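Enquirer: So the sequences go chain by chain: P and D. FYI, the working numbering numbers position 24 of the first sequence as 24, with every residue one higher than the one before it. FYI, the working numbering numbers position 74 of the second sequence as 1074, with every residue one higher than the one before it. Cβ coordinates follow ideal geometry from the N, Cα and C atoms, glycine included. Here the structure is a predicted model, which means the values were calculated and not measured.
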Amino acid sequence: MEKFEKFTGIVAPMDRANVDTDAIIPKQYLKSIKRSGFGPNLFDDWRYLDPGEPGIDNKERRVNPDFVLNKTPYKYAQILLARENFGCGSSREHAVWALTDFGFKVVIAPSFADIFFNNSFKSGLLPIVLSPTIVDQLFEELADHEDYQLSIDLENQIVSNSAGAQMPFEIDPFRKHCLLNGLDDIGLTLQHADEIKAFEKEYYQRFPWLAA
Amino acid sequence: MTAQTLYDKVWQAHVVREEDDGTALLYIDRHLVHEVTSPQAFEGLQLNHRPLWRKVSILAVPDHNVPTTDREQGITDPVAKIQVETLDKNCVEFDLTEFRMNDLRQGIVHVIGPEQGATLPGMTVVCGDSHTSTHGAFAALAFGIGTSEVEHVMATQCLIQKKSKNMRVTVDGKVGKGVTAKDIVLAIIGEIGTAGGTGYAIEFAGEAIRDLSMEGRMTVCNMTIEAGARAGLIACDQTTIDYVKGRPFAPKPEHWEMAVEYWNTLHSDDDAKFDREVVIDAASIEPQVTWGTSPEMVLPVSAATPDPAAEADAVKSDGIQKALDYMGLQAGEPIEQVFVDKIFIGSCTNSRIEDLRDAAEVAKGRKVADNVKLAMVVPGSGLVKQQAEQEGLDRIFIEAGFEWREPGCSMCLAMNADRLEPGERCASTSNRNFEGRQGQGGRTHLVSPAMAAAAAVKGHFTDVRNLWRV
Ligand code: SF4
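Here is the structure:
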């Protein structure tokens, strides 16, 4: 995983609550056995006027000109600004892969669904929770500016706008450490392999019916 | 010792280590695997030359992509075929137990786990699928994970987790005839909302929950994720133990007594504290129907669709309007006047034998209405199908005009050929009514199996309790 560095990026608005993972990446694309290539089908049902199937060349499909990510400058957005309960529904990590493949590094929302939130960190996508009032305010600022950008400083846990306003956010220290250093969870856990083995020994003595 | 909730107990029994900030390494007993969320995990293991930590913990089955007709022909969709074959291949290479597509035991992963006794009380159960919450019906801690976590469990038998808060939803009293587990859980979601359970593990309690069979309890826990909680649990009791006994993966006779003794401790202590408590009166629950594009957009069948103008909150009002537009409904439309095009009885929420019996009871001696283009019943597993056929349920459905299919996820998420066309309206026993869930532009109304069968024979939604009286 790449290290998460400080950056300033274009913000795209997704002004609806309960955006679910079926909307983020429709199920027909889950048939892929790869981790990459989902970006062109991010928000597929909203993004194109023609139905999509895996294997179809997306360039042949009519795009929906009204959909935010089809407009300039949002095509180049790295930050998605969203409403409550973003990422609800299915556990598909493909939703995160589609967002990162498109180019998103951050999603800002007042709240996230648990599984999506958890999945995000595994692929270097940073979900930032800001209060509903601040999110409202960001939507307003965005509406007033053509090319609205925010800076994300994970090290200091701060989102800032071009006017210099600073909005702090919370993040679990372990997750922050992993993102900043691009660390792989599995490698970290395997450092505790002896502890896991010791645990198992006791565990299967206590619950012998679970020992196969 | 301080009083513990059921969730606290199961959690604690699985903590391998804990950091100061509460991040724990949690040991996983059972890992269920299907074709959609596993290929990238197997690939990751191979790329990093990592072995499986404990292969006996894994039970694999293809379910999301499998066809529900003409199985002999194999899978015609080439992309789906590759995915199922990739699972088969990975299971051979990693030497895993898999119930392949033409195995009698094949079915929806959340149906076959319990059916095989692979889900046991007190276990931690994970699967790359959000409806893993289903298994919480067995006083197990069961939750859905993403593909990176699937790989993590394969390689380490553990997950890095933070403990959730405790919520208890108590459904007091008894429900009336014709009101099922599905109606109970839809009513709960209507009450607490689709994000109401975020950050919590929910324990379902109360007389109405205790009165449910294991099938009903699984239906309730299945939809916990639709209330925003990753895990839902129900205390272990005699109903649980009787269900588990004698199943292929259940404890061997020499360990049975010992297991039961432990399982009998799997309930919240009397004075356990919950961070949030919700109490619902069972008698007040009517058969439910969702009207919108989120499971919380649910109403009793006797109600009418909401009016966005009556909602003060602008974001909510807009949400109601968007949902009505998508669903092709007007504000104030009585639910009972909404006509349907298709009927889907199936999914990991409602495809077990009891669900099929309920639906058959309503369908018996009646005919699917003329305006209904397709009514299908998709059993949850090959074994459920076999049992239903032994009971003659397939005949009842076929005579009424339903199609009787092979087991799988089917039109719950429409990854195979079973789907809605744009604008089609479906009474579905599944768990998600999101936009496009059952096919692009499709309109889904979530209901119980009995209500779906009632909609099939009437052609529109109707209170199934009236049908039972005639
Ligand atoms: S039946 Fe539906 S909800 Fe259940 S596992 Fe299959 S696709 Fe998911």
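1) Assuming D:D1341 contacts D:V1378 under a Cβ cut-off of 8 Å, what Cβ separation, rounded to an integer in Å, is found between them?
2) To the nearest angstrom, how far is it from the Cα of D:P1407 to the Cα of D:D1070?
3) On a CA-only basis, which of D:R1443, D:E1277 and D:H1034 is nearest D:G1292? Give me that one, please.
4) Could you tell me the distance, in whole angstroms, from the CA atom of D:E1311 to the CA atom of D:H1152?
5) Compute the Euclidean distance between the alpha carbons of D:T1076 and D:T1068, then round it to the nearest angstrom.
6) Taking a cut of 8 Å between CB atoms, which residues from the stretch 12-35 of chain P lie near chain D?
7) How is D:Q1004 classed by DSSP in three states: helix, strand or coil?
8) With a CB to CB cut of under 7 Å and the five nearest residues on each side skipped, what residues in its chain are close to P:A95?
9) For P:S90 and chain D, any beta-carbon pair shorter than 8 Å?
10) Which ranges would you report for the beta strand (DSSP E) in the stretch 1209-1288 of chain D if only whole runs of at least 3 residues count?
11) Can you list, in chain order, the residues of its chain with a C-beta nearer than 6 Å to that of D:R1366? Leave out the 5 residues immediately preceding and following it.
12) If we define contact as Cβ-Cβ less than 8 Å, is P:F199 a contact residue for chain D?
13) Is the CB of D:A1080 under 8 Å away from at least one CB in chain P?
14) Within the continuous beta strand (DSSP E) that includes D:P1449, where are the two ends?
15) Are the stretch 1237-1252 of chain D and the stretch 127-143 of chain P touching, with three or more C-beta to C-beta distances below 8 Å?
16) Looking at chain D, which residues of the stretch 72-84 of chain P have a Cβ within less than 7 Å of any of its Cβ atoms?
17) Using the Cα positions of D:P1308 and D:A1323, report the straight-line distance between them to the nearest angstrom.
18) Can you name the residues that DSSP bridges to D:A1142?
19) Hey, out of D:A1041, D:V1179, D:R1030 and D:W1011, whose CA is closest to D:T1023's CA?
20) Report all residues from its chain with a CB closer than 6 Å to the CB of D:S1294; omit the five preceding and five following residues, and keep chain order.
21) Would you say the beta carbon of D:V1426 comes nearer than 7 Å to a heavy atom of the ligand SF4?
22) Does P:L49 pass the burial test, meaning 16 or more other C-beta atoms within 10 Å, or should it be called exposed?
23) For D:V1470, is the classification buried or exposed, using 16 other Cβ atoms within 10 angstroms of its Cβ as the cut-off for buried?
24) What is the DSSP secondary structure of P:W97, counted as helix, strand or coil?
25) Roughly how many whole angstroms lie between the Cα atoms of P:L69 and P:F38?
26) In whole angstroms, what is the alpha-carbon distance linking D:P1248 and D:E1115?
27) Looking at D:L1233 and D:G1113, is the spacing between their C-beta atoms short of 8 Å?
Expert: To lay it out plainly:
1) D:D1341 to D:V1378, Cβ: 17 Å. No contact.
2) 12 Å
3) Out of D:R1443, D:E1277 and D:H1034, D:R1443 has the C-alpha closest to the C-alpha of D:G1292.
4) CA-CA distance, D:E1311 to D:H1152, rounds to 45 Å.
5) 12 Å
6) R16, A17, N18, D20, D22, A23, P26, K27, Q28, L30, K31, S32, I33, K34 and R35
7) coil
8) T21, I24, I25, G87 and F116
9) yes
10) 1231-1233 and 1276-1281
11) A1400 and V1457
12) yes
13) yes
14) It is not in any beta strand (DSSP E) - D:P1449 instead sits in the alpha helix (DSSP H) that spans P1449 to K1458.
15) no
16) R83 and E84
17) 10 Å
18) D:V1125
19) Per the Cα distances, D:W1011.
20) T1194
21) Here residue 1426 of chain D is Cys; the residue named in the question, Val, does not match the sequence. No, the ligand SF4 has no heavy atom inside 7 Å of this Cβ.
22) exposed
23) With a pLDDT of 44 at D:V1470, under the threshold of 50, the modelled position of that residue is not reliable, and no figure is offered here.
24) helix
25) 15 Å
26) 9 Å
27) no
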